[in-house]
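Q: One line per chain: the protein sequences are A and B, in this order.
According to our numbering, the stretch in the first sequence is residues 7 to 186, in order.
According to our numbering, the stretch in the second sequence is residues 386 to 659, in order.
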Amino acid sequence: MTDEIRSRMVELLPRLRRFAVALTGDLDQGDDLVQETCVRALSRVDQYQPGTRLDSWMYRIAQNLWLDRMRAKKVRGVQVDVEAAEALAGPNGRTVVESRLALDAVGAAMAFLPEEQRVLIGLVCIDGLSYKEAADITGTPIGTVMSRLARARRELHARLEGHPRETVARSQASKPGSDA
Amino acid sequence: MSGTPEKTIPADEILVMLCADLEVDGMLSSDQRAALSAVLVRNPRLKELYESFRFTRDPLARPFDVALTAALPERLLRTVRESPSPAGARPRTVRRSWASLAWLADVLRAPAFSPAVALPALAISVAAGWLLHTATGAGADARDPLASAEAQYALEATPSGVEVDIAHGARLKPRLTFARQDKAWCRQFTLSYQESLEAGGVACRNSAGAWQVLIETGLMAAEASPSPNSHLPAGPLPSESEGILDNVRSQLKQGDVLGPEEEAERIAERWKRK
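1) Using a Cβ-Cβ cutoff of 9 Å, what residues of the region 414-430 of chain B are near chain A? List them in chain order.
2) At a CB-CB cut-off below 7 Å, which residues of chain B make contact with Met64(A)?
3) Decide if Gln53(A) is buried, meaning its Cβ has at least 16 other Cβ atoms within 10 Å, or exposed.
4) Can you check whether the CB of Ala569(B) is closer than 9 Å to the CB of Asn591(B)?
5) For chain A, is any of its Cβ atoms less than 9 Å away from the one on Ser533(B)?
6) Between Ile399(B) and chain A, is any beta-carbon pair separated by less than 9 Å?
7) Could you check where the beta strand (DSSP E) with Lys558(B) kicks off and where it finishes?
8) Under 9 Å, do Leu400(B) and Cys131(A) count as touching if we go by C-beta distance?
9) Measuring straight from C-alpha to C-alpha, what distance separates Arg14(A) and Gly134(A)?
10) Quick one: grab the DSSP three-state call for Arg572(B).
11) Determine the extent of the alpha helix (DSSP H) in which Ser437(B) is found, giving its start and end residues.
12) Could you check how far apart the C-beta atoms of Ser545(B) and Leu557(B) are, in whole angstroms? I think they sit under 8 Å.
13) So does the region 426-435 of chain B actually touch the region 134-153 of chain A, counting three or more Cβ pairs closer than 8 Å?
14) Where Leu421(B) and Leu540(B) are concerned, what is the direct C-alpha to C-alpha distance, given to the nearest angstrom?
15) Which residues does DSSP list as the beta-bridge partners of Cys589(B)?
16) Can you pull the chain B neighbours of Asp37(A), defined as C-beta to C-beta under 8 Å?
17) So, helix, strand or coil for Val51(A), using DSSP?
18) How is the alpha helix (DSSP H) around Lys138(A) delimited, first residue to last?
19) Per DSSP, what are the beta-bridge partners of Val549(B) in this structure?
20) Suppose contacts are defined by Cβ-Cβ distances below 9 Å. Is Phe440(B) in contact with Leu33(A) by that definition?
21) Does the structure place the region 40-48 of chain A close enough to the region 56-76 of chain A that three or more beta carbon pairs sit under 8 Å?
22) Do you know how far the Cα of Gly57(A) is from the Cα of Gly145(A)?
23) Compute the Euclidean distance between the alpha carbons of Ala653(B) and Leu18(A), then round it to the nearest angstrom.
24) Go through its chain and collect everything with a Cβ distance to Val409(B)'s Cβ below 6 Å, but skip five positions before and after it.
25) Can you tell me whether Glu650(B) is buried or exposed, with buried defined as 16 or more other CB within 10 angstroms of its CB?
26) State the DSSP-derived secondary structure class of Thr543(B), mapped to helix, strand or coil.
27) In terms of alpha-carbon separation, which member of Phe574(B), Gly411(B), Asp406(B), Leu461(B) lies closest to Arg23(A)?
28) Any C-beta of chain A sitting closer than 9 Å to the C-beta of Glu650(B)?
29) Could you tell me the distance, in whole angstroms, from the CA atom of Gln537(B) to the CA atom of Ser62(A)?
30) Identify the contact partners of Leu557(B) in chain A, using a Cβ-Cβ distance below 9 Å as the criterion.
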């Protein structure tokens, strides 16, 4: 049966890569996360519940690995994503890149979001999952999912479309990468 | 207790987000899209919100599609093929995203909510049903979120102001009781879900003894109510929702709202008329 799971994992790889890029903001780092996710998933494939969604299970693993990684970075005082974001952001916090919707620009804007919000953007806006599915994957109440999503989406729009909103000021005041 | 920022997202913002996502996912009919457009034209603030939410589906998500089309690195393929694993799992079919929301199209066509009704009423009716549907799972009758035995019992036997669990994470609280002009008993109620969202509504008891939803409204981010045990409407609903429910009640009501003693009597006598 594991062969069948492996073959479904291969089919899932493109979507998993896209989700990983949404989290890491970078294809190479995304691939590292995907690789780690697959290794972890296969080592625990006996924990996969037949009859449940393989994609949700894999996304959950990827999310947890990434959140662990981000927490470890914070403990070490490294803020790679913030540095990347600041390199692409102007003095008022708005992106100054010409091509606003290039991957770098979107990734830079997303780096300002709290990790939990970034995961939700990846699941709902980029992968197209429903709020309920995102709630199941993240283990978060659906009301919280919707509130976080609404806030994150307005923030992203404000940053990328250059609407100077209170949300921009708010997240500048708070440290990027911390939850609201 | 009035909330963290997470609890103060306005209801209409969340509802506009829901509408935007349903539209992107092709879940709205042409009539519904037209109704939505008409509302957005009339309300620039909602239109701006809607555009924010649409933007974060498309074009924002597009650059990430590079990961779908780029050749898969050999190292990833090798990892999946060769990483050690214990044996034992079985595959299954994948269901479609949003499939559990397929019933929404029917809800949006409900006669109580004509396209002339403003978005808050239109979308709130959708979201309130969806809220319960989400809480009760795909097996529930989404067009009548109060169809479950637990919800029916809550309306039948719970005094106003008392909140009871009706499904995983969902609670119902009757707020007040009144008689309709045709003598049917009606109860205004609040639904809440995992302390995050609340919806209001009015349900009436039919001749067969079943409580049927007359109107649902008032989905909002919940905040602590200052008077949770009040017999009359407790914490204020958002003005639009409150207005809708008050209006409905004033059109339907004959006589006064029942006091606690009279209501207890009606419950004890299983809503028999005197």
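Glycine included, each C-beta is placed from N, C-alpha and C at the ideal position.
None of these values were measured; they are calculated from a predicted model.
A: On the basis of the data shown:
1) none
2) What Met64(A) touches in chain B: nothing, since even the nearest Cβ is about 11 Å away.
3) With fewer than 16 Cβ atoms within 10 Å of its Cβ, Gln53(A) is classed as exposed.
4) yes
5) Interface flag for Ser533(B) against chain A is unset, since no Cβ pair is found closer than 9 Å.
6) yes
7) 555-565
8) no
9) 19 Å
10) Correct three-state label for Arg572(B): strand.
11) 429-440
12) So it is not a contact: roughly 11 Å between Cβ atoms.
13) no
14) 33 Å
15) Cys571(B), Gln597(B)
16) Pro458, Arg460, Leu461
17) helix
18) 137-144
19) The partner list for Val549(B) (beta bridge, DSSP) reads Leu557(B).
20) no
21) yes
22) 19 Å
23) Roughly 57 Å separates the two Cα atoms.
24) Arg442
25) Exposed.
26) Looking at Thr543(B) - three-state DSSP - the assignment turns out to be coil, as it is neither helix nor strand.
27) Leu461(B)
28) no
29) 34 Å
30) Below the 9 Å Cβ cutoff, chain A contributes no neighbours of Leu557(B), its closest Cβ being approximately 16 Å away.
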